[in-house]
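Structure record follows, encoded as structure tokens.
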Amino acid sequence: MTVRNLNFLFQPKSVAVIGASSKPHSVGATVLQNVVHAGFAGPIYPVNPKYEHLGALPCYRDLAALPAAPDLAILCTPPPTLPGLIGQLGAIGTRAAIVLTAGLGQHTDWRGRTVKELMLEAAQPYLLRILGPNCVGLLAPGIRLNASFAHVDALPGRIAFVSQSGAMVTGVLDWARSRGIGFSKFVSLGDGADIDFGDVIDYLASDPDTHAILLYVEGLTSARKFMSAARAAARNKPTLAIKAGRMAEGAKAAASHTGALAGADDVYDAAIRRAGMLRVYSTEELFDAVETLARLRPLCGERLAIMTNGGGPGVMATDMLMSAGGKLAQLSAETIKQLDAVLPKNWSRSNPVDIIGDAPPERYADTLRILMDDREVDAVLFIHAPTAIVSSAEIAARLEPMVKEARSNILACWLGGTSVARAREIFAAAGVPTYDTPEKAVGGFMQMVHYRKNQQLLMEVPAALSGAVKENKHLARGIIAQVLAEGRTMLSEWEAKQVLTAYGIPVVETRTVSSADEAGQTASAIGFPVALKILSPDIVHKSDVGGVVLDLDSADAVREAAAKMQARLCELYPQSRLHGFTVQAMARRPEGREVIIGVASDPVFGPVIMFGQGGIAVEVVADHAIALPPLNHVLARELISRTRISNLLRAYRNRRAADIDALCRTLVQVSDMVVDLPELQELDINPLFADADGVIALDARLRVAPAAQGALERLAIRPYPAELEEWVQWQGEQVLLRPIRPEDGVAHVAFFNALTPEDVRLRMFVRMRALQPSQLARFTQIDYDREMALIATRASASGNAETLGVARVVADPDNVAAEFAVTIRSDLKGRGLGHLLMQKLIAYCRTRGTQRLVGEALNDNRGMLNLAARLGFQISPAPDRGTMLMQLELGPPARPHPAG
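FYI, this note's numbering numbers position 608 of the sequence shown as 608, with every residue one higher than the one before it.
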């Protein structure tokens, strides 16, 4: 992941158009015309040997003739010319290029290398960044740059739009301009040979001109890079995505229910949610999302009040809200009383608030003010249908000062055409999201609601770990190694249950036997009734061949069932291998709900975890949800909540509620299996019985394959790096140095509360009395791919873990420089703990290839400055800031490599 030299792409001071032309409607002519007409202030260099001038600009024969190296080059030339041009541009000092040309994969050299490969190879020595190929280009309205062949320019604004589709770029541009919506950046990625979503999102996340990011995604190649950038951006700015290609062209052959059900679209949906972004599903929703984002205010809750001058539109909005899972605000008694005083006696006296069609502007203003003041109302949807009594523009003008200063969200629906056009303009200028229909307005509000939920999930701090299950990783790995050594990929049911048991997942007692007689003897030893299942590596779904018989109550019944299974298998699948049978105790769980927990491998995002309704009809019911590992209890509970069976897990009639905590623990344990066992390809625990007494697995299916090198890289989100845990001697006691976890939230609050106000000021540069929930989430829920927080912890007198100190580092996306900070509990300062933590942090940064550690301390923070000096940091005053800069060189810079 790198943002190196992207400043030359987004903020160039000079631009060259290579392949510029005067030929009407050609790409070269269109691009040059767009650059000139947009009003770009810097030098513009057309390059083409056919011309001496193009318009009022001198045209240069080749790159050698240019008076200076352009910051940005736009290439409109045929594919074979591109590698040479890119190499020449890099040599003269250009560091960013936009390649509009398509078809680079169709041209190869004598060694079979494509033009795209040769182009990237030519750029590599100079770290010259390439947008494209096969793209529309880039627009940055803030600097009046239109480096594209789009048919219209973009208005300046606060939203960045990044698209893999050129058609979506031009379509959104056209629509937005007609609505007066502007953009900070408009980026067409094209093939994304070098610059991809991760790079652009990372740049936009720190771009002060961009307040929201909109993505049009067709496919990804680097999931971890995308997830890391998206999670960082979504913490700071609203980020929306539309994913095209939702329906798979064909069912994937899989050895498990999970593999069959975990479609690519479900996985993208899980990834977008996990990143804290909002997903939209259609072009129409995308346009509405632009309207919403352009005028978004923070949403404090989900309760919507609807204000209308006609009953019909109010009912339509209510129906849409309830069908979308929204919440209609319950007006307080005081609000009803105040509305009684300003509305006609025949008003609705409930939400929606129908102010009657003859309402004058003052009635609108009074009603809106009262609704905005109600603490039971989080947002107001204003709906107006035009009447002949008072003009819509007059009403809009009366409300304009109110909506402009409103602290909460107001959405507007002006029904009609030309008669409400002026009213729409007034509200849009006042910053109010404005829609054509009640349904679209409610859709816009629900987009805000879903985005808020994703953000809450991103910021929620899970409870501290308690009663953690002891996991026997060595046993599980041994079983899988033996299976692979035998040339198998499918574990037997007994082997799969042994792996589950190694991870603390309860399973019903199961034994394997080789014959019908042995099955009868084993059943007697277990105790009746029992279940008998066929054991064959060639049969995936045992029930499909009559390979499962339940409630057998005698040894003779078991032997007879086994003989019939063997005969049926020989008749239906004579080539299949029979390894025997499994005998298991019948699980008597009358209140048990059948659920499924599974793992599948996605080609883009790697392992994914599924939860849903289980049983033999799992594909037919199709009630399931997908999540990306690693999971904690908060994420596990959220995964469960997204299924219909979650309602059946609650108490109803005479059934007690299922133990949701036990289900969450099982999901977390499965997540641990995914992280620990890179050989795991597919897993089904189906059915898993869940009731008030916990969970128990009745059947399990597990497929494995030899692990590739860099096994952890298969995960889209880097898991907790347990390998960094280290016990050290400190002041005569054992202290654990380890990375921070989300579950450390409670201990981190106690750690902060144990700091003196002066120590808080020295660390934060300001005085703070308490950690806000968002700050706590930011401190404990870190992206291990780009930051690290190492804590020193020990058991307190009460037995709970307590945090003694923390050393934190955040690297830039290029991993060139990383900013550090260290804090020690006030009563433990001066005893060497900070030195221990910083030594471990410096060693970690060196192993990650970080080139430089930097930090900043207040002038009077002598403890920190002395520690830095002892560790070899160079210390110097920061100009005009009243602080000291600390810098430590860790090693030579990494060799340049292409991004992407």
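In this text, a Cβ means the ideal position worked out from N, Cα and C, and glycines have one as well. These numbers come from a predicted model, not from an experiment.
Check: Beta strand (DSSP E) runs contained entirely in the stretch 494 to 532, provided each spans 3 or more residues; Outcome: 510 to 513
Check: Simplified DSSP state of Arg-895, which is helix, strand or coil; Outcome: Low per-residue confidence applies at Arg-895: pLDDT is 46, beneath 50, and the placement is therefore not dependable, though the value from the model is reported in the following sentence. Coil, per DSSP.
Check: Cα-Cα separation between Leu-962 and Asn-134, rounded to whole angstroms; Outcome: Nothing can be reported for residue 962, as the shown portion of the chain is limited to 1 through 900.
Check: For Arg-881, three-class secondary structure by DSSP; Outcome: coil
Check: Short Cβ contact (8 Å threshold) for Leu-902 with Ala-241; Outcome: Within the shown structure, residues of the chain are numbered from 1 to 900, placing residue 902 beyond reach of any answer.
Check: Residue(s) in a DSSP beta bridge with Tyr-435; Outcome: Cys-413
Check: Validate contact between the stretch 645 to 658 and the stretch 673 to 692 using beta carbons, cut 8 Å, 3 pairs; Outcome: yes
Check: Residues near Ala-561 by beta carbon distance below 7 Å, same chain, minus five either side; Outcome: Leu-532, Val-549, Leu-552
Check: Best match in Val-583, Glu-376, Ile-356, Leu-712 for proximity to Pro-386 [C-alpha to C-alpha]; Outcome: Ile-356
Check: Bounding residues of the alpha helix (DSSP H) (the contiguous stretch that carries Arg-363); Outcome: 361 to 373
Check: Exposure of Lys-497, with buried meaning 16 or more beta-carbon neighbours within 10 Å; Outcome: buried
Check: Contact under 8 Å by Cβ, Leu-131 with Ile-98; Outcome: yes
Check: Close-in-space but distant-in-sequence residues of the same chain around Met-372 (CB under 7 Å, 5 per side omitted); Outcome: Val-380, Ala-406, Ser-408
Check: Exposure of Ala-711, with buried meaning 16 or more beta-carbon neighbours within 10 Å; Outcome: exposed
Check: Thr-94 vs Leu-118 beta-carbon contact at 8 Å; Outcome: no
Check: Residues that DSSP places opposite Gly-694 in a beta bridge; Outcome: Asp-691
Check: Ile-383 vs Pro-313 beta-carbon contact at 8 Å; Outcome: yes
Check: Which listed residue (Ala-754, Leu-9, Lys-327, Glu-334) has its alpha carbon closest to that of Met-446; Outcome: Lys-327
Check: Inter-residue spacing [alpha-carbon to alpha-carbon] between Ala-777 and Asn-632; Outcome: 14 Å
Check: Where the alpha helix (DSSP H) containing His-633 begins and where it ends; Outcome: 633 to 641
Check: Nearest to Ile-696 (by Cα), restricted to the options Pro-70, Leu-867, Glu-594, Phe-611; Outcome: Glu-594
Check: Complete beta strand (DSSP E) runs within the stretch 47 to 86 (minimum length 3 residues, chain order); Outcome: 72 to 75
Check: Close beta carbons around Glu-509, own chain, < 8 Å, minus the five adjacent residues each side; Outcome: Ile-526, Gln-584, Ala-585
Check: Where the alpha helix (DSSP H) containing Trp-175 begins and where it ends; Outcome: 166 to 179
Check: Neighbourhood of Leu-155 by C-beta distance below 8 Å, restricted to the same chain and skipping five residues each side; Outcome: Pro-141, Ala-176, Arg-177, Gly-180, Ile-181, Gly-182, Phe-183
Check: Beta-bridge pairing of His-624 - partner residues as DSSP gives them; Outcome: Gly-612
Check: Assumed close pair Phe-605, Leu-639 - CB separation to whole angstroms, cut-off 8 Å; Outcome: About 15 Å separates the two Cβ atoms, so there is no contact after all.
Check: Euclidean distance between Cα positions of Asp-153 and Ala-29; Outcome: 15 Å
Check: Other residues of its chain near Asp-699: CB distance less than 7 Å, five sequence neighbours each side excluded; Outcome: Glu-493, Asn-686, Pro-687
Check: Of the residues Arg-767, Tyr-203, Arg-369, Val-442, the one placed nearest Val-315, counting alpha carbons only; Outcome: Val-442
Check: Span separating the alpha-carbon of Asp-901 from that of Thr-643; Outcome: With the chain running from 1 to 900 in the structure shown, residue 901 is simply not present.
Check: Assigned secondary structure, Met-1 (DSSP; H/G/I helix, E/B strand, else coil); Outcome: With a pLDDT of 46 at Met-1, under the threshold of 50, the predicted position of this residue should be treated as unreliable, though the coordinate-derived value follows. Correct three-state label for Met-1: coil.
Check: Beta-carbon proximity list for Met-768, same chain, < 7 Å, skipping 5 on both sides; Outcome: Val-760
Check: Of the listed residues Arg-4, Ala-705, Arg-144, nearest to Leu-491 (C-alpha basis); Outcome: Ala-705
Check: Outcome for His-624 when other beta-carbon atoms lying within 10 angstroms are tallied against a minimum of 16; Outcome: buried
Check: Cβ-based burial, Lys-470 [other Cβ within 10 Å; buried from 16]; Outcome: exposed
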